[in-house]
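Okay, so here's the structure we're looking at.
Chains as they are written, first to last, in our numbering: chain X, 35 to 123; chain R, 21 to 185; chain W, 138 to 267.
This is the structure in structure tokens:
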């Protein structure tokens with residue numbers, strides 16, 4: 035049962051990342067692209083966790099934690115740059 | 021809450037750091053307690069100049085109730101937004117709403133803005149520089165005044181009681 | 138029996154997480170303007186990833202005791218998602234992105250003003266940056 039669910043969830047997350055990629059390429063404005071990349075890293079966290087379940091190894095969580103932290107900080111930094119033209123005031 | 025002392029300028033942050041350290045290490049051995057305790061004392065001492073004054077939580081029990089209410093609302097919010105996105109006719113009524121704030125402190129306003137973003141159909145977009153109005157974008161709203169009233173009753177009133185009563 | 142129920146819960150969490158994340162990305166792709174697109178990822182994707190993490194937490198907790206590390210990522214995601222949504226909305230307002238014509242309300246931040254740049258540092262092409 036879990037195998038089946040794992041495959042469905044993997045397929046859904048991959049489709050989600052493809053949609054994000056579409057928006058990141060097409061996106062008419064800069065905030066659109068940032069939003070798409072932001073969503074993409076959120077989805078990739080889930081993808082890594084699912085991979086961890088697949089190979090039955092719980093250490094993959096640390097990679098997920100690192101992606102979560104770096105992704106958040108970089109989103110905020112790019113937004114800051116768009117707002118002020120400067121990251122550290 | 022816990023009063024700050026010379027060695028622990030921010031007791032709540034220290035406690036949080038210790039708990040997160042123990043959760044990350046996944047053990048409660050004596051060594052981890054000592055190392056975590058050391059970090060919990062050192063980190064707040066080093067980064068105290070960056071921080072604002074710590075807010076005082078007057079009613080911790082109400083805060084727990086608030087957290088559970090928000091968790092429940094997040095689930096309903098997601099079902100609503102999913103329904104709106106999947107609706108093939110795409111009948112949405114987006115609107116910018118200006119929400120008048122009665123909260124004063126920076127920290128309570130931050131919590132209110134985050135709550136608004138996570139709950140049904142609204143994203144907080146901009147806090148005006150005067151700190152009096154919050155600009156909200158709503159995905160599907162019929163009556164704007166009802167939305168403002170709802171946010172006030174449901175989220176701002178409890179936060180006022182928790183932080184500023 | 139209990140094993141079956143727990144497996145069912147894990148499977149449900151994984152599929153629900155995937156479905157929520159997919160719907161969020163669908164919203165990101167096909168809604169009309171930026172402010173509406175912001176709703177999908179900020180709420181739905183966060184809950185989707187949270188559901189997946191909780192499913193994985195239950196999965197690994199079955200064998201050797203509770204594993205609470207993954208709760209940390211969930212809490213972190215739920216705290217940071219509103220903050221980045223707020224920052225994105227702020228930068229979109231700063232760039233004066235046009236909202237959908239059906240949008241009611243006309244915030245001051247979106248009203249056009251005279252260009253502040255001097256001629257020699259005027260924005261090039263469509264780029265908002267000088």
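Yeah, the Cβ is synthetic: ideal placement off N, Cα and C, and Gly gets one too.
>> Let me make sure I understand the geometry here. Which of R:119, R:138, R:137 has the alpha-carbon closest to that of residue 166 of chain R?
In response: R:119
>> Between residue 57 of chain X and chain W, is any beta-carbon pair separated by less than 7 Å?
In response: yes
>> Between which residues of its own chain and residue 160 of chain R is the CB-CB distance below 6 Å, once the five residues before and five after are set aside?
In response: 104, 112, 113, 141
> By a C-beta neighbour count over all protein chains shown, 10 Å radius and 16 as the cutoff for buried, is residue 113 of chain X buried or exposed?
Replying inline: buried
> In the segment 120-169 of chain R, which residue ranges form an unbroken beta strand (DSSP E) of at least 3 residues, counting only runs that do not cross its ends?
Replying inline: 142-147, 153-158
>> Shorter than 6 Å, the distance from the beta carbon of residue 139 of chain W to the closest heavy atom of the ligand COA, or not?
In response: No copy of the ligand COA appears in this structure; indeed no ligand is present at all.
> Starting from residue 181 of chain R and walking both ways along the alpha helix (DSSP H), at which residues does that stretch end?
Replying inline: 177-184
>> Let me confirm a value: residue 54 of chain X is counted as buried when at least 16 other C-beta atoms fall within 10 Å, else exposed. Which label applies?
In response: buried
>> Please report whether the beta-carbon of residue 78 of chain X lies at a distance below 7 Å from any beta-carbon of chain W.
In response: no
> Do the segment 212-225 of chain W and the segment 233-244 of chain W make contact, defined as three or more Cβ pairs closer than 8 Å?
Replying inline: no
> Using a Cβ-Cβ distance under 7 Å, would residue 172 of chain W count as near chain R?
Replying inline: yes
> Any idea if residue 58 of chain R is buried or exposed, counting beta-carbon neighbours within 10 angstroms, 16 or more meaning buried?
Replying inline: exposed
> Do you know how far the Cα of residue 177 of chain R is from the Cα of residue 72 of chain R?
Replying inline: 24 Å
> Between residue 102 of chain X and residue 76 of chain X, what straight-line distance do the alpha-carbon atoms span, to the nearest angstrom?
Replying inline: 7 Å
> When DSSP labels each residue in this structure, what does residue 117 of chain R get in the three-state scheme?
Replying inline: strand
> How many whole angstroms separate the CB atoms of residue 178 of chain W and residue 165 of chain W, which I take to be in contact at a CB cut-off of 8 Å?
Replying inline: 5 Å
> Secondary structure at residue 241 of chain W, three-state DSSP: helix, strand or coil?
Replying inline: strand
>> At the level of alpha carbons, what is the spacing between residue 38 of chain R and residue 53 of chain R?
In response: 8 Å
>> Can you pull the chain W neighbours of residue 97 of chain X, defined as C-beta to C-beta under 8 Å?
In response: Going along chain W, no residue has its Cβ under 8 Å from residue 97 of chain X, so there is no contact; the nearest lies around 11 Å.
> Going by other Cβ atoms of all chains shown within 10 Å of its Cβ, with 16 needed for buried, is residue 126 of chain R buried or exposed?
Replying inline: exposed
>> Spatial neighbours of residue 132 of chain R within its chain, please: C-beta separation below 7 Å, excluding the five flanking residues on both sides.
In response: 123, 175, 176, 179
>> One question on the structure: do residue 154 of chain W and residue 188 of chain W come within less than 7 Å of each other, judged by their Cβ atoms?
In response: yes
> Which two residues bound the contiguous alpha helix (DSSP H) that contains residue 54 of chain X?
Replying inline: 36-60
>> I want to verify the contact list: residues of chain W whose CB lies under 7 Å from the CB of residue 94 of chain R, in sequence order.
In response: 184
>> Using the three-state DSSP reduction, which class does residue 94 of chain R fall into: helix, strand or coil?
In response: helix
> CB residue 79 of chain R to CB residue 182 of chain R, shorter than 7 Å?
Replying inline: yes
> Taking buried to mean at least 16 other C-beta atoms within 10 Å of its own C-beta, is residue 185 of chain W buried or exposed?
Replying inline: buried
> What are the start and end residues of each continuous alpha helix (DSSP H) run of 4 or more residues lying completely inside the segment 60-94 of chain X, in chain order?
Replying inline: 64-88
> If you draw a straight line from the C-alpha of residue 61 of chain X to the C-alpha of residue 40 of chain X, how long is it?
Replying inline: 31 Å
>> I want to verify the contact list: residues of chain W whose CB lies under 8 Å from the CB of residue 66 of chain X, in sequence order.
In response: 171, 174
>> Under 7 Å, Cβ to Cβ, is there at least one residue of chain R near residue 191 of chain W?
In response: no
> Hey, how far is the Cα of residue 164 of chain R from the Cα of residue 219 of chain W?
Replying inline: 22 Å
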